[in-house]
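Note sheet for the following structure.
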RNA sequence: GCCGAAGUGGUGGAACUGGCAGACGCGCCGGACUCAAAAUCCGGAGAGGUAACACUCGUGCGGGUUCGAGUCCCGCCUUCGGCACCA
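Residue numbers (this note's numbering): 576 to 1377.
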């Protein structure tokens, strides 16, 4: 009988469906486990070979947990709002809802063909009004709690998508999605105050089991810095406030710099004698894109503000004030005290304009470069803090500054508030109306969901307004508060909205009273293990943590963090080790692999290919190798004979393999788990016959990776029931140890021979055996044995001299 | 520049708290089966060296600790990912 993957895979997928083998029950008495994978954006391209990698990995965990007796919630959905669908719809004149439906259908078929053990009865779709009703509900809560506000601001405007972007969506000055240039555009936008949660988003990482690179990237992105705001008097009258993390270097502040957008320039216009030059510089800065302004290693430019001086509060000396675009209005106070001796940017600026450089921390050479080391430096030229180390000096001077009212401690973040408006059609409408008398008013819950108007055209407008802005019938409405004439907000939400809370909906997907019941949340949450791409670390992952914390604060979820554990998979590259793309011609279609080799082979291959956390190139030949392993396992059926016990010569290796595979499935080391099973197969092949017990064990261990073929063989062998319903095996700790071991014998640390001895043999026995070995005697005869190191079961090292 | 990860055969990658480097797979070489090929099965191999052993070298580079280092310490180099004029 041949291994016919097509028939077998279809057959078992149908049986699992019919028996609801993977249904998550609301039986709250059982221990639960909630593994989560990022739900895909159903693009028109269909499934990519990258998708099955994380899905299979957590499928393995999910299947193992079920066999361990857990009630497992493993499910799937569609993050289906978004630009590509909308653009495709515009181009082909098909409604985005229909495009979405088609894409979802295709994705679902493809995913189903992989035999992933999702509970499909809990499938969700972010574009379903029953779903986005609650996305809108959460937005209203954010609004009611003062975390959503509208602000006229310069936004990142993608010239091609004709849409505003969050900072997180701008990569290297271009649009993350389409690569077109991003320019500044003033627009009134809905903003979410994620910055209010900045501290907690950093602090609470502490107790979470996230892989280190995720933690550090999030910390980096939030960018907490602790320093002081210090007021410098000016000759113009009012004080000028700066932010610094190095108050200890204040005696070295020889000039000040304000950003081109700083309001003082307007305020003191009359006192500035070179205002024309200043204005020209400001105009130049305005015309530059963010990218140009922040370009690497750019030469410093600037203009001195003539007519106003600042006064250093500690030295009482007058220092000049400059304007330069290396100081950003969006960070700190938009003004700095420049300490060229100890800040490389200030140093460059001072060199460029011949400004004085004063050394206030010794240890470097400020004529050569700024000395910014904070560990070894000693303060000099700083009357109050001379001779102190940097950290002590910082402490002392900070106290002094605060006591004298010159300034105050201040924490700053790089994180900015989240631009939440999109001027597009295919997103959740923002459920607010603008009333001339009441201002912004949220829709009452009874009017949710607010659905999109069903129209023919949804092209973006050239003036930057949402396509909804021209749909008068939809816009015109009455104010829920005063009943007067009002109109709807025409912006929609970004794609990140629906994905910021979807894991909550899985807990209770059909609830039409709440986004999920507290009972369901209490049972299922938090997510035990969340795996997803590194590209979502500062976007989706951060956003959803923010939303969750907010929901926790208003008492509608039970945990302050959504995910206990976060891991990440590496990308699958093309065979030439370049990113898979149509233009490179190195795209592999998972359907082809499933068709030719079977889903089990694809699953096995994607898990075996290499370190799960690293990117790996695709290899057609390795796929064949994985299929070969399954074929060889299949042919093993010819050698199986009845028997409830392990074949004695295989017993130790079987227990070792149970241990290895069980542990490796938990730690993302799927590649070595599979290697161990391949080894076990090789051992099985070396004996004439194997018992039912031997074979059952291999099938059980293999089942989470290759569920169809293991189920089929279980059935052919008539082992009873389904393998999916079996219990995960345990190993016997006493039986994973070999009774006899081969031990390397070293002379001065170099292996010269091996001896075979019982695992519990003494050093004396080892010594005797070693000395009986001719290869060893060659090295010991006539030499003095200085020392013997004996590590039971590991090594025997003889140190000789002479 | 800062943060993070990593450098091991022809190749993807193994190696627990320092203990026989190269598991497992691919590719390659040889053999069996075949008219032949594919598939399958059996066997082989880090490099140098030898008739064969022996032996020597070998985990990015340079030092160090240790009976013993891919693994630990110090100093570098390179690659990848993230951030970046954030004061």
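Note that the Cβ used here is the ideal one computed from N, Cα and C, for glycine as well.
Residues near residue 1105 in its chain [Cβ-Cβ closer than 6 angstroms; skip 5 each side]:
The beta carbon of residue 1105 sits closer than 6 angstroms to those of 611, 1138 and 1141, all from its chain and outside the five residues before and after it, given in chain order.
So, helix, strand or coil for residue 1386, using DSSP?
Since the displayed the chain opens at 576 and closes at 1377, residue 1386 lies outside it and no answer follows.
Just to confirm the assignment, what range does the beta strand (DSSP E) spanning residue 800 have?
800-809
With distances taken between CB atoms, is the gap from residue 807 to residue 915 smaller than 9 angstroms?
Not a contact, by the Cβ cut-off of 9 angstroms.
Quick check: what's the CA-CA separation for residue 919 versus residue 820?
Each residue's Cα considered, the two are about 14 angstroms apart.
For residue 632 versus residue 1306, is the C-beta spacing smaller than 9 angstroms?
no
N-terminal and C-terminal residue of the beta strand (DSSP E) that residue 765 is part of:
Where residue 765 is concerned, the enclosing beta strand (DSSP E) starts and stops at 757-767.
What distance in whole Å lies between the Cβ atoms of residue 1181 and residue 627, which are believed to be in contact at a cut-off of 8 angstroms?
6 angstroms
Could you tell me which uninterrupted beta strand (DSSP E) segments, each at least 3 residues in length, are contained entirely in the region 829-881, listed from first to last along the chain?
830-833
Write down the C-beta distance between residue 647 and residue 608 rounded to the nearest angstrom, noting that I regard them as a contact closer than 8 angstroms.
Contact holds; Cβ gap of about 5 angstroms.
Are residue 629 and residue 613 closer than 9 angstroms when you measure CB to CB?
Contact annotation: residue 629 and residue 613 have beta-carbon atoms nearer than 9 angstroms.
To which residues of the same chain is residue 1361 closer than 8 angstroms at the C-beta, ignoring the five residues directly before and after it?
1374, 1375 and 1376, listed in sequence order.
Any idea if residue 776 is buried or exposed, counting beta-carbon neighbours within 10 angstroms, 16 or more meaning buried?
buried
CB contact flag (residue 741, residue 1101, <9 angstroms):
no
Just to check my reading of the structure: residue 913 and residue 924 have Cβ atoms closer than 8 angstroms, yes? What is that Cβ distance to the nearest angstrom?
At roughly 7 angstroms, the Cβ-Cβ gap stays under 8 angstroms, so residue 913 and residue 924 are in contact.
Per DSSP, which residues does residue 895 bridge with? Please list them.
Note: residue 895 sits in a beta bridge opposite 884.
In three-state DSSP terms, what is residue 973?
helix
Contact under 9 angstroms by Cβ, residue 1292 with residue 590:
no
Tell me whether residue 1219 is buried or exposed, calling it buried when 16 or more other Cβ atoms sit within 10 Å of its Cβ.
exposed
Should residue 871 be labelled buried (16 or more other beta-carbon atoms within 10 Å of its own) or exposed?
Note that residue 871 scores a pLDDT of 48, beneath 50, so its modelled location is shaky and nothing firm can be said.
Would you mind reading off the limits of the beta strand (DSSP E) that contains residue 1200?
Per DSSP, residue 1200 belongs to no beta strand (DSSP E); it is in the alpha helix (DSSP H), 1195-1210.
Just to confirm the assignment: which complete alpha helix (DSSP H) runs, minimum length 4, are found wholly within the region 1258-1282?
1267-1277
Starting from the Cα of residue 778, find the closest Cα among 789, 786, 696 and 794 and give me that residue.
Selected option, being the one with the closest Cα: 794.
Buried or exposed: residue 576, going by 16 or more other Cβ atoms within 10 Å of its Cβ?
exposed
Proximity winner among 1268, 1364, 1131 and 899, relative to residue 516 (alpha-carbon distances)
Residue 516 lies beyond the range of the chain shown here (576 to 1377); nothing can be said about it.
Using the C-alpha atoms, what's the distance from residue 999 back to residue 1043?
Rounded to the nearest angstrom, the two C-alpha atoms are 8 angstroms apart.
For residue 723: DSSP bridge partner residues:
Note: residue 723 sits in a beta bridge opposite 767.
Whole angstroms is fine: what's the gap from residue 1047's alpha carbon to residue 1008's?
14 angstroms
Beta-carbon spacing of residue 1208, residue 1273 below 9 angstroms:
Closer than 9 angstroms, so yes.
Taking the alpha-carbon positions, what's the residue 948 to residue 881 distance?
33 angstroms
Could you give the DSSP three-state label for residue 1088: helix, strand or coil?
coil
Based on Cα-Cα distance, which residue from 1103, 1014, 1267 and 1368 lies nearest to residue 725?
1014
Candidates 906, 890 and 885: closest to residue 896 by CA position:
885
Output needed for residue 906: all residues of its chain with C-beta closer than 6 angstroms, excluding positions within five of it in sequence on either side, in chain order.
none
Give a yes or no on whether the C-beta atoms belonging to residue 1067 and residue 1032 are separated by under 9 angstroms.
no
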